[in-house]
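Counting in this note's numbering, the sequence shown runs from 1487 upward without gaps.
Notes follow once the structure below has been shown.
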Amino acid sequence: MSRNFLVIDPEEGIEVLKGLASTIRVKMLKLLHVEGPLNGNEIAERLSLPQSTVSTNLQILEKAGLIRTEMQKARKGNQKICHSTFDEVLVMFGEDIKPLRSNTIEVSMPLGLYTSCEVSAPCGLCSTEGIIGLLDVPDTFLDPNRMKAGLIWFTSGYVEYQFPNNARLAQNTIEAMEFSMELSSEVPGTSADWPSDITLSVNGTEIGTWMSTGDYGDKRGVYTPDWWKLKGSQYGKLKGWRVTAEGTYVDGMKISEVSLTDLDLANHHSIRLRIAVKPDAKHPGGINIFGRGFGNYDQDIVLRLQTAK
């Protein structure tokens, strides 16, 4: 089952913060989250609270949008049924989020929209609703339902994505190219000490390798669905590969001399990104790729092109 999240800026979501600023209201929200929809009398009975207290606090929660209510017929008249609206509330400070510059082109690619693949088992895909196809069967990666994938894993091989070269279409010169994605190693179960060399290629040219140190499962990923087993991979590291005129960097650290000149993007209609664990890798520890609905970052694979204008 997928999880519902509310992301608020504290300056704009003050009513939500007021709604959460009460031990009683937090207990009411937890009760609705665990037991499902209840009426006011049931909430009062389970929490041993006066009906008047429950009624007042339900009004505050409903005003904040933290619950929703509906009227249902009862033996005598109607009764108001209360539903929990969100599983988690995330507070983010808007001023810390830098908007895209006018010379930045961004394309977000869903995990399942790869155009080519070749993987080895153990491997699999799943959406926020459940497993896609068969586990540990590489041919499942050709299942049309892969378009819904929010988590992909395999031991060795690759998946390849084809992004439009929108800078070329706009006749702009690319000054930097960046790929952002959430990654981890892959081991049966999980292990914080399980290194894996993950290699990226663009249009057939390897741009560099980053070593993931483990397959993380010490706690549930922020966005990982409840149904996903706790002993499975939960989240990864958000990594950014950046290619400039000077070379290729991962999170600001130079990892190769491959530059934009080597890629000659101006002469390519598309940008083909291959994410691989090579069979001859020094650390062949598999890969998890987390997309929307899984891990700690609710994003797919993102391409950013910084242009001259």
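Cβ coordinates follow ideal geometry from the N, Cα and C atoms, glycine included.
Item	Value
For residue 1532, the first and last residue of its enclosing alpha helix (DSSP H)	1526-1533
Closest by C-alpha distance to residue 1638, when choosing among 1598, 1593, 1686	1598
CA-to-CA distance, residue 1731 to residue 1658, given in whole angstroms	15 angstroms
Residues near residue 1505 in its chain [Cβ-Cβ closer than 7 angstroms; skip 5 each side]	1511, 1546, 1547, 1550, 1552
Per-residue burial, residue 1583 [other beta carbons within 10 Å of its own, 16 or more giving buried]	Any reading at residue 1583 needs caution, since the residue's pLDDT is 44, under 50, leaving its predicted position unreliable; the model's value is listed next. Residue 1583 should be labelled exposed.
Own chain residues within Cβ distance below 7 angstroms of residue 1559, not counting five before or after	none
Sequence-distant residues of the same chain with beta carbon closer than 7 angstroms to residue 1613, five excluded per side	1634, 1635, 1636
Contact set for residue 1710: own chain, Cβ-Cβ below 6 angstroms, skip 5 residues either direction	1720, 1780
Close beta carbons around residue 1678, own chain, < 6 angstroms, minus the five adjacent residues each side	1700
Buried or exposed (CB count within 10 angstroms, at least 16 for buried), residue 1786	buried
Beta-carbon contacts of residue 1724 that lie in its chain and below 6 angstroms, excluding the five residues immediately before and after	1668, 1783
contact_flag[the segment 1535-1543, the segment 1507-1525] where n(CB pairs < 8 angstroms) is 3 or more	yes
Nearest-angstrom Cα separation, counted from residue 1752 out to residue 1653	8 angstroms
Terminal residues of the beta strand (DSSP E) in which residue 1686 lies	1682-1688
Proximity below 8 angstroms, CB of residue 1606 to CB of residue 1624	yes
Reference residue 1524; option with closest CA among 1500, 1690, 1501, 1557	1557
Cross-strand partners of residue 1650 (DSSP beta bridge)	1756
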